[in-house]
Structures are given as structure tokens and as C-alpha cells.
Amino acid sequence: MLIVIAGAGSIGRSIARELLARGHQVTIADSSPEAMKVSSVPEANWILGDLFHSRDHGTGGGSASRCGRCVYRQRPG
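For the sequence shown, the numbering used here assigns the number 7 to the initial residue and increments by one for each residue that follows.
Here you go:
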């Protein structure tokens with residue numbers, strides 16, 4: 007299954023490692039360059055951008071609107 011994780015923090019990376027171990031293809035996206043710790047999950051594809059806003063369309067933005075199923079938790083603020 008192709009899975010996109012919006013959020014490259016410790017929880018997102020942990021989930022990505024588990025999904026990769028189960029044979030899924032994983033992309034991790036985050037809008038913060040500081041969160042992009044590619045070496046922590048090198049098997050994943052990485053996107054720097056906001057998946058929920060079309061302004062980042064060139065980097066995958068707006069992708070969440072095209073998901074078959076989308077589960078997310080939005081940060082307050």
C-alpha cells in the first residue's frame with residue numbers, strides 16, 4: 007500500500023518505520039525543514055511541504071485532498 011504520513015516528528019517517523027517493516031511504500035511530509043531527518047528513515051520518500059495547502063503543489067501539496075482515506079490530527083493554532 008502507498009502511505010503518506012503528514013508529519014516527520016518522532017511519532018511520524020516511528021509509524022513510518024513500522025509500515026516499511028510491513029512492506030508498505032511510505033512517504034513522509036513535513037512543512038518544517040528542521041523536521042526532515044531523512045537519515046532516520048532512509049527507506050522512505052521525503053517531501054518538504056504542506057500537504058494540505060495548494061501553494062506547495064509542486065512539492066506534493068494538496069495531495070491530502072486526493073487521498074482515498076485521509077486520517078490526520080491538525081495542530082492547534
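The beta-carbon is built from N, C-alpha and C at its ideal position, and this holds for glycine as well.
Hey, quick one: how far does the alpha helix (DSSP H) through residue i stretch, first residue to last?
i     : result
Leu26 : 16–27
Give me, in chain order, the residues of the same chain whose beta-carbon lies closer than 7 Å to that of residue i; leave out the 5 immediate sequence neighbours on both sides.
i     : result
Ser37 : Gly55, Asp56
Val44 : Trp52
For residue i, which residues from the same chain have a beta carbon less than 8 Å from its beta carbon, with the 5 sequence-adjacent residues on both sides left out?
i     : result
Met42 : Ala14, Asp36, Trp52, Leu54
Arg28 : none
Just curious, the beta strand (DSSP E) that residue i is in, first and last residue?
i     : result
Leu54 : 51–54
Leu8  : 8–12
From the DSSP output, in three-state form, read off residue i for me.
i     : result
Val44 : helix
Rounded to a whole number of angstroms, what is the C-alpha to C-alpha distance between residue i and residue j?
i     : j     : result
Leu26 : Arg19 : 10 Å
His63 : Ser16 : Note that His63 scores 47 on pLDDT, short of 50, meaning its location in the model is unreliable and no value can be drawn from it.
Glu40 : Ile34 : 14 Å
What do you reckon, are the CB atoms on residue i and residue j nearer than 9 Å?
i     : j     : result
Val47 : Ala22 : yes
Which same chain residues, not among the five before or five after residue i, have their C-beta less than 6 Å away from its C-beta?
i     : result
Ile9  : Leu25, His30, Val32
Glu49 : Leu26
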